[in-house]
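Since the structure comes first, as structure tokens, the remarks are kept for the end.
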Amino acid sequence: MSSDDRFDGMYMNLAQQCRGIDPLLDSVFGFLRRKTDFFSGPPGDDNGAEKAVAKVMEIVERHRKLANKDKEEKKAKAEKQVKEKERKRKEKEEKEKRAREEKDKEAGNDDVIEMGDGGFDADKAAEAAKPPPAPASEKESSGDKGDASEGSDEEEDDGTPPPLGNGGEVEGKYTWTQTLQEVSVHVPVPKGTKGRDLKVVIKKQGLEITVKGHKFGGGEIKGELCKPIVVDDSFWTLEDNEAVVVNMQKLNGMEWWSHVLAGDPKINTQKVQPENSKLADLDGDTRQTVEKMMHDQRQKALKLPTSEEQKKIDILEKFKQQHPEMDFSNAKFS
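According to my numbering, the sequence shown holds residues 787 to 1120 in order.
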């Protein structure tokens, strides 16, 4: 155990009892004032207090630099993980593309289309090449398994405006907003609430907020998060003694949340509108992935083909041109 963390257990116990940063610091400096000569200095020293302040600033500055270093290392690690994930995704897509091109060379490619029994009807063949409509029933839902499962999680356009702050509200309990990287939960509490009255537990996939002697909308804020988070980069604060704000770092910074806690109302993620300034902050590979995701969301909302669906349509058109003698009247994606 390093010299930095050998007292973590003791400090954690103290922090839990103090219930807040300010009370914790006040307790530490109170101990130094009452039990040591930290502020008074040795006998005969009239500058003890000034030296104490200088020493505190020196230590704070040293740890500020260490904190910045840790933050940069975490950021670099996260960027490396995102780039590695994108590299593997591109390799997989390229491999699948080569496999499809090989199969396209074979007549009667069953992996691309299914042939019908009818005659050679050019008009019907052209109709088959049109983008597939949005699924209205299980029978009409065709396409590959990945598209089907992805589509099942999306919500139909209900004509409502985009969610404010890309989040939502659980009446009587909390409101929430999000970016691609973070989720913020704003919980009103009785005015004058102190840190010692609160119990806030943040877990990788769980959240609990309780206030002594208070119920949120007749219930409690406690449950399983819809997606996992990075606990070490998540925190909570008490603002103006009347609101608890919980900031959580998403484990997957490439997806939008439809809700915060299991069982709470969901928003339509198709209508999420990320700020351009946030998008511009992303690196090239990550931005390309996010833009593709946004494009597919817009296409689905307009009942138009996504990027993958358009690829299949292009493959079908190419196959038709190579085999004009074949019937495509009942062709469909498989």
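Note that the Cβ used here is the ideal one computed from N, Cα and C, for glycine as well.
Here DSSP, grouped into helix, strand and coil, assigns Phe-1002 to strand.
Sequence-distant Cβ neighbours of Leu-1047 in its own chain, meaning closer than 6 angstroms and more than five residues away, are Gly-1009. Boundaries of the beta strand (DSSP E) around Glu-955: 954 to 956. Only residues of its own chain outside the window of five on either side were considered, and among them Lys-860 and Gln-1035 have a CB closer than 8 angstroms to the CB of Asp-1019, listed in chain order. Annotation for Gly-795: the continuous alpha helix (DSSP H) segment containing it runs 794 to 804. In the displayed model, Val-997 falls within a strand according to three-state DSSP.
Around the beta carbon of Ala-838, a 10 Å sphere encloses 16 or more other beta carbons of the protein chains shown; the residue is thus reported as buried. The beta carbon of Leu-1011 lies closer than 7 angstroms to those of Gln-991, Gly-992, Leu-993, Val-1046 and Leu-1047 in the same chain, with the five residues before and after it left out. Rounded to the nearest angstrom, the Cβ distance from Val-1032 to Val-971 is 4 angstroms, consistent with a contact under 8 angstroms.
Residues of the same chain with a CB within less than 7 angstroms of the CB of Trp-1043, apart from the 5 flanking positions on each side, are Gln-964, Val-969, Cys-1012 and Lys-1013 in chain order.
Annotation: Arg-819 to Phe-825 spans about 6 angstroms, alpha carbon to alpha carbon. In the DSSP assignment, Thr-961 is bridged to Glu-955 and His-972. Closest in C-alpha terms to Trp-1022, from the list Ile-995, Asn-1038 and Glu-1006, comes Ile-995. Annotation for Asp-812: the continuous alpha helix (DSSP H) segment containing it runs 807 to 821. 8 angstroms or more divides the Cβ of Arg-850 from the Cβ of Leu-984. For the pair Gly-978 and Ile-1053, the CB atoms are not nearer than the 8 angstroms cut-off. At a Cβ-Cβ threshold of 8 angstroms, Ile-1101 and Arg-886 count as neighbours.
Burial state of Leu-1024 is buried, judged by a 10 Å Cβ sphere holding 16 or more other Cβ atoms. Between the C-alpha atoms of Met-843 and Phe-1002 there is a straight-line separation of about 41 angstroms. Met-1040 and Ser-813 have their alpha carbons spaced roughly 41 angstroms apart. The Cβ neighbour count for Leu-852, taken over all protein chains shown within 10 Å, is under 16; the residue is labelled exposed. By the Cβ neighbour-count rule, Tyr-960 is buried, with 16 or more other Cβ atoms within 10 Å of its own.
According to the DSSP assignment, Ala-864 belongs to the alpha helix (DSSP H) that extends over 834 to 890.
Pro-948 and Val-1058 have their C-alpha atoms roughly 6 angstroms apart.
In the displayed model, Asp-1082 falls within a helix according to three-state DSSP. Excluding the 5 residues flanking it on each side, Lys-866 has no same chain C-beta neighbour closer than 8 angstroms. Contact annotation: Thr-1075 and Glu-870 have beta-carbon atoms that are not nearer than 8 angstroms. In the three-state reduction of the DSSP assignment, Phe-1021 falls in the strand class, which pools E and B. By the neighbour-count definition (other C-beta atoms within 10 Å, threshold 16), Asp-1082 is a buried residue.
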